[in-house]
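Enquirer:
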Amino acid sequence: MQVWVDYNGRTRKNDVTMAPFDEDKPKKPFVSIVRDLSRTLLQDMFVGFSSVTGSLQVEHYVLGWSFGVNREAPPLDLLKLSKLPRFQPMRSLAFYKFEMPLISFVLIFSLILLVARRRRQFTEELDDWENGMNTLIIKDLYYATEGFKEKNLVGSGGFRRVYKGVMPRTELEIAMKRVSHESQQGLEEFVSEIVIIGRMSHRNLVPLLGYCRRKGELLLMYDYMPNRSLDKYLYNSPEVTLDWKQRMKVMLGVASGLFYLHEEWEQTVIHKDVKAGNVILDGELNGRLIDFGLACLYDHGIDPQTTLHRWDIGYLAPEYTRTRRATTATDVFAFGAFLLVVVCGRRPIQIQHESGETLLLVDWAFGLWNMGNIFDARDPNMGSVCDEKEVEMVLTLGILCSHI
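Numbering of the sequence shown is given in numbering that gives the first Met the number 0, commencing with residue 0 and proceeding in unit increments.
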């Protein structure tokens, strides 16, 4: 099919003429109307033809066209035009009637499943007692840790894994503790941490910034401390050690935090897991207590009955193994062992290489104290610049707290 469109600017007449492919242009136009196109036809503009408009299926093809201004359009060489594409109407009709709806249904159904799966993935649980607390969006924690990738894992043990992350909107560096959803002990620990830490504020306690949970999985968010835990600076000839002033600063900070838990807060809190591994150093090397998951909360004047949890045995008060009752005194015993660990740079329990016997740090330090050589128990890695009386005082205090 051939089509001619002629427009006369003076008469404003529009003629449209049509003829079969192999015939000449008829003298009489197929359509003739008067329409002023002066506002449409500009001095500088692009002109072209399309076989389809909008998003409809293409059923017509423009094989060639020509254009002229103030003259007849140049004739087309019909022999040089492209051939029409092969058209299969029955197959196309069947496709649009049957196959296209089926494909559309599958795509829509798949999209619904994907959205539902992502919603389940980021669905959070919230009990009545949690209203008003600093709950977080699990999606934020997921993106902050890049989907809990192994490269962001900074610690693990028992039923927990700790990741480093960066919150997507605030760019705040965080430490995210992920507690296994299969552990009932982990759930109880989570509830304890939320109730206690969520209302505490002290410079020597690591603040809980928020939390969320889904399907029993527990996610706790803390400030990220770049210097990690204290034990990394004490054992096995570490590359970076702390001098006496730095160690004294850490011990005073932990003592202040523990005193806050026992005496200054509205309720007495037994930390129940005081040890070097649960002391984090912030950017200024201040010691901060973490991990209140094993804490025992009770009102002043009430003597609680608790169950035996996992412990580093070197920090464990002997009476606790017999009575299974935690008091502030069990924290004091652990704090005494902690003082000896920090000053001596030794683990609370060590195996003698020669005899294979177990050596308790407190017994070893007590032996030196009994002989009048307690200053010799100090860690040689902390250097020679230290106050001898201060060192002896702290070691003696550690022995008095944890020696039976």
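No residue lacks a Cβ here, since even glycine has one placed at the ideal position from N, Cα and C.
What's the call for K274, buried or exposed, on a 16-neighbour Cβ count within 10 Å?
Expert: Classification for K274: buried.
Enquirer: Can you have a look at I312 and say buried or exposed, based on whether 16 or more other CB atoms are within 10 angstroms of its CB?
Expert: Label assigned to I312: exposed.
Enquirer: For M44, report the span of its beta strand (DSSP E) as first-last.
Expert: Looking at the DSSP string, M44 is not in any beta strand (DSSP E), and its letter there is neither H nor E.
Enquirer: Looking at the structure shown, is N13 part of a helix, part of a strand, or coil, going by DSSP?
Expert: Of the three classes helix, strand and coil, the one that applies to N13 here is strand, per DSSP.
Enquirer: Have a look at E262 and L280 and give me their C-alpha separation to the nearest angstrom.
Expert: Roughly 23 Å separates the two Cα atoms.
Enquirer: Could you tell me whether the region 317 to 324 touches the region 231 to 248, where touching means 3 or more Cβ pairs closer than 8 Å?
Expert: The region 317 to 324 is not in contact with the region 231 to 248.
Enquirer: For the candidate residues F147, Y162, E391 and L80, whose alpha-carbon lies nearest to that of V61?
Expert: Residue L80 is the option with its Cα nearest to V61.
Enquirer: Smallest Cα separation from F29: which of D23, W3 and M44?
Expert: With distances taken between Cα atoms, F29 lies closest to W3.
Enquirer: On the premise that M381 lies in contact with D242, defined as a C-beta separation below 8 Å, what is that separation, rounded to the nearest angstrom?
Expert: Between M381 and D242 the Cβ distance is about 5 Å, and since that is below 8 Å, they are a contact.
Enquirer: Beta-carbon within less than 7 Å of Y232's beta-carbon, same chain only, minus the 5 sequence neighbours each way: which residues are those?
Expert: Counting only Cβ-Cβ distances below 7 Å, and skipping sequence neighbours, we find V239, T240 and L241.
Enquirer: Per DSSP, what kind of secondary structure is I289 in: helix, strand or coil?
Expert: Looking at I289 - three-state DSSP - the assignment turns out to be coil, as it is neither helix nor strand.
Enquirer: Using 8 Å as the limit for Cβ to Cβ distance, is T10 near chain D?
Expert: You won't find chain D in this structure, because it holds only one protein chain.
Enquirer: Quick one: using the 10 Å Cβ neighbour count with 16 as the cut-off for buried, is H270 buried or exposed?
Expert: Label assigned to H270: buried.
Enquirer: Say yes only if the C-beta of L280 is nearer than 7 Å to one or more non-hydrogen atoms of the ligand SAM, and no if none qualify.
Expert: The ligand content of the structure shown is nil, which means the ligand SAM is not present either.
Enquirer: Tell me the start and end of each unbroken alpha helix (DSSP H) in the region 224 to 284 that is at least 4 residues and wholly inside, in chain order.
Expert: Correct list: 243 to 258.
Enquirer: Hey, could you find the ends of the alpha helix (DSSP H) V30 is sitting in?
Expert: No alpha helix (DSSP H) contains V30, which is instead part of the beta strand (DSSP E) from V30 to V33.
Enquirer: Name the DSSP beta bridge partners of G209, please?
Expert: Paired residues: M220.
Enquirer: Which of the three DSSP states is assigned to D5 in this structure?
Expert: Here D5 sits in strand by DSSP.
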